[in-house]
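A.B. asks: Numbering follows the UniProt record's numbering, in which position 198 of the sequence shown is assigned residue number 198; successive positions increment by one, without gaps.
Beta carbons: idealized from backbone N, C-alpha and C, even for Gly.
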Amino acid sequence: METIQILNIPNFYASYYLHGLNKEFKVKFKMDDRFLKYNNRPFLIFSLNNKIAVINNDDPVYFDQKLYELSDTYFVTNKLLDNTSFQQEKVKPLFPHYPINIVPFYLKFFNLNLLKHLKFKALIKEIYTLKRRPVYKDYQLKAEKDNYIFFSSSIWKNEKETNTIRAEFIRYCKADKRVTFEGGFIPRSDGDNLNFEAELNHVKYPPNTFSKLSKKSKIVLNNAAVWGAVSWRLAEYLNQSLFVLSFPFKIELPVTLKHEEEIYSISKNSEYKVVFDKVLNNPDYHKKIAKKGKEYFSKHCTPSAQAKYIVTTLLN
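#1: What runs of the beta strand (DSSP E), each 3 residues or longer, lie entirely inside the segment 31–72?
#2: Determine the direct distance from the alpha carbon of Y136 to that of A229, and round the result to whole angstroms.
#3: When the Cα of E295 is compared with those of V103, F247, L257, M31, which residue comes out closest?
#4: From N101, D82, T312, K212, pick the residue whose C-alpha is nearest to that of K250; which is it?
#5: Counting Cβ pairs, one atom from each stretch, are 3 or more of them under 8 Å apart for the segment 97–105 and the segment 131–146?
#6: Let's see if you can read the secondary structure: which residues bound the beta strand (DSSP E) around I182?
#7: Could you compute how far the alpha carbon of residue 317 sits from the alpha carbon of D192?
#8: Comparing C-alpha positions only, which one of I127, T162, T77 sits nearest to N269?
#9: Out of N147, L194, Y237, which one is the CA nearest neighbour of C173?
#10: How is the alpha helix (DSSP H) around P303 delimited, first residue to last?
#11: Compute the Euclidean distance between the alpha carbons of N316 and I6, then round it to the nearest angstrom.
#12: Rounded to whole angstroms, what's the CA-CA distance from W156 to V226? Just pull it up for me.
#13: State yes or no: is the C-beta of L123 within less than 8 Å of the C-beta of L114?
#14: Taking 6 Å as the limit between beta carbons, can you name the residues of its chain near T3, skipping five residues before and five after?
#15: Could you give the residue range of the alpha helix (DSSP H) that holds K204?
#16: Flag this pair as touching only if the segment 82–95 and the segment 303–316 have three or more C-beta atom pairs under 8 Å; answer yes or no.
#17: How far does the beta strand (DSSP E) with F150 in it extend, from its first residue to its last?
#18: Here's a check: name, in chain order, each residue in its chain whose Cβ is nearer than 8 Å to the Cβ of Y237, leaving out the five neighbours to either side.
#19: Where R41 and S241 are concerned, what is the direct C-alpha to C-alpha distance, given to the nearest angstrom?
#20: In the DSSP assignment, find the unbroken beta strand (DSSP E) run with P93 in it and report its ends.
#21: Which of helix, strand or coil does DSSP assign to residue 323?
#22: So, L183 versus N201, is the Cβ gap smaller than 8 Å?
#23: Do the CB positions of F35 and A14 come within less than 8 Å of each other?
#24: Can you tell me whether T77 is buried or exposed, with buried defined as 16 or more other CB within 10 angstroms of its CB?
#25: Return the Cβ separation of D72 and I52 in integer angstroms, given the expectation that the two are a contact with Cβ distance under 8 Å.
#26: Using CA atoms only, rank isn't needed, just tell me which of Y264, T313, S304, Y272 is closest to A290.
#27: With DSSP run on the structure shown, which of helix, strand or coil describes S267?
#28: To which residues of the same chain is Y68 closer than 6 Å at the C-beta, ignoring the five residues directly before and after it?
#29: Decide if V279 is buried, meaning its Cβ has at least 16 other Cβ atoms within 10 Å, or exposed.
#30: Out of curiosity, what's the CA-to-CA distance linking T180 and L80?
#31: Of all the options Y38, F46, M31, which has the alpha carbon lying nearest to the alpha carbon of N22?
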């Protein structure tokens, strides 16, 4: 197989895929003038065997039609089910992922091109952001958990459904005396907390702390984020062999996560009690779903598995 040529300098959103491609294939950087405007943005663009692949990790969701037309395959993290742009022939869905710390590789691989193609202030900010992300780790399966739940989330100005789902989860966790809850909503910087004062938590958790506390959780919540995007937390939850309680996805996955196998799916806030009763009263049930979720991650979602999926899809 020929060398994969990376044609732009993506930002930290694409760190997971850059890591995976480097791990599984020989990669080389070659700036392509057509893609200069995509430097330090959520796009990883590469060529292989005279074919161009785009990995669009934008969050919130964004579709670039011009970039789509330049590509042979246009991979997206958020292949929205109700958006016609994402239903075009060359658009392919990606498995869940999350940004990771790849600072040593990032600096070595792009080298002086970082100073050539990025503004110095933007580069410093990018390095700082990457350093705050967790280093990728394939967590060992450990599904047994204490009755502890950690959940922390932003309040989104125009995402009423998302806010309501998360607020109800916070309220339920606080009210259920069987569990120890930590977390809550992060206060908005503009001071408008949309009447969620009772659900606020004034502790801010850096990414690494967030990851460590999530790993201890008996149950974690997944629901659509801004504009229907999948949360970065989902992939990390699955990697950590956690029991994922999930509302319906608004995106397409290459392989569906199945209810009561890899995750537990609900559609109403009133179902929280049903799930908590099942999980807290039946350790084997909890362990079974957590274990299957980890198996899904190991098969489909690791950086190596996704790199192979992307290259195979591009070439076929």
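C.D. replies: According to the structure shown:
#1: 43–48, 51–56
#2: If you number the sequence shown from 1, residue 229 lands on position 229. If you number the sequence shown from 1, residue 136 lands on position 136. Using only the alpha carbons, I get a separation of about 22 Å.
#3: Working through the sequence shown from its first residue, we reach residue 295 at position 295. For the residues V103, F247, L257, M31, the minimum Cα distance to E295 belongs to L257.
#4: Stepping through the sequence shown from its first residue, residue 250 is reached at position 250. Cα-wise, what sits closest to K250 is D82.
#5: yes
#6: Taking the first residue of the sequence shown as position 1, residue 182 is located at position 182. Looking at the sequence provided, one finds Glu at residue 182 rather than Ile. Note, E182: beta strand (DSSP E), 180–186.
#7: Examination of residue 317 is not possible in this model, given that the chain is present from 1 through 316 alone.
#8: Here residue 269 corresponds to residue number 269 of the sequence shown, with the count starting at 1. Nearest C-alpha to N269: T162.
#9: For this step, residue 173 is matched to residue 173 along the sequence shown. Closest option to C173, Cα to Cα, is N147.
#10: What you label residue 303 is simply residue 303 of the sequence shown in a count that begins at 1. It spans 303–315 - the alpha helix (DSSP H) in which P303 sits, taken as one unbroken run.
#11: Translated into positions along the sequence shown, residue 316 becomes position 316. Translated into positions along the sequence shown, residue 6 becomes position 6. Roughly 20 Å separates the two Cα atoms.
#12: The sequence position of residue 156 within the sequence shown is 156, counting from 1. The sequence position of residue 226 within the sequence shown is 226, counting from 1. One C-alpha to the other measures close to 8 Å.
#13: In the sequence shown, counting from the first residue as 1, residue 123 sits at position 123. In the sequence shown, counting from the first residue as 1, residue 114 sits at position 114. Yes, the Cβ-Cβ distance between L123 and L114 is below 8 Å.
#14: Taking the sequence shown and counting its residues from 1, one reaches residue 3 at position 3. Result list for T3: K26, K28, in chain order.
#15: In the sequence shown, residue 204 corresponds to position 204, counting from 1. K204 -> no alpha helix (DSSP H), and no H or E assigned at all.
#16: yes
#17: As a first step, residue 150 is located in the sequence shown; it is residue number 150 there, counting from the start. F150 -> beta strand (DSSP E) spans 148–154.
#18: In the sequence shown, the residue the question calls residue 237 occupies position 237. By the criterion of a C-beta distance shorter than 8 Å, Y237 is surrounded in its chain by S214, V220, N222, V244, G293, once the five residues flanking it on both sides are discounted.
#19: Position 41 of the sequence shown holds residue 41. Position 241 of the sequence shown holds residue 241. Cα to Cα, R41 sits roughly 31 Å from S241.
#20: Locating residue 93 in the sequence shown gives position 93, where the first residue counts as 1. Element bounds for P93: 91–93.
#21: What is shown of the chain runs 1 to 316, which leaves residue 323 out entirely.
#22: As a working note, residue 183 is residue 183 in the sequence shown. As a working note, residue 201 is residue 201 in the sequence shown. Here residue 183 is Gly; the residue named in the question, Leu, does not match the sequence. Yes. Within cutoff.
#23: The residue you call residue 35 lines up with position 35 of the sequence shown. The residue you call residue 14 lines up with position 14 of the sequence shown. For F35 and A14, no; Cβs fall outside 8 Å.
#24: For the purposes of this step, residue 77 is identified with residue 77 of the sequence shown, where counting begins at 1. That one is buried.
#25: Here residue 72 is taken as the residue at index 72 of the sequence shown, counted from 1. Here residue 52 is taken as the residue at index 52 of the sequence shown, counted from 1. Sure, about 5 Å apart at Cβ, within 8 Å.
#26: For this step, residue 290 is matched to residue 290 along the sequence shown. For the options Y264, T313, S304, Y272, the alpha carbon positioned closest to that of A290 is the one of Y264.
#27: Residue 267 sits at position 267 when you count from the first residue of the sequence shown. Coil.
#28: Residue numbering aside, residue 68 sits at position 68 when the sequence shown is read from its first letter. Excluding the 5 residues flanking it on each side, Y68 has same chain C-beta neighbours closer than 6 Å at Y74, in chain order.
#29: Mapped onto the sequence shown, residue 279 falls at position 279. It counts as buried.
#30: On the sequence shown, position 180 is the one that residue 180 refers to. On the sequence shown, position 80 is the one that residue 80 refers to. Their Cα atoms are separated by approximately 35 Å.
#31: The sequence position of residue 22 within the sequence shown is 22, counting from 1. Cα-wise, what sits closest to N22 is F46.
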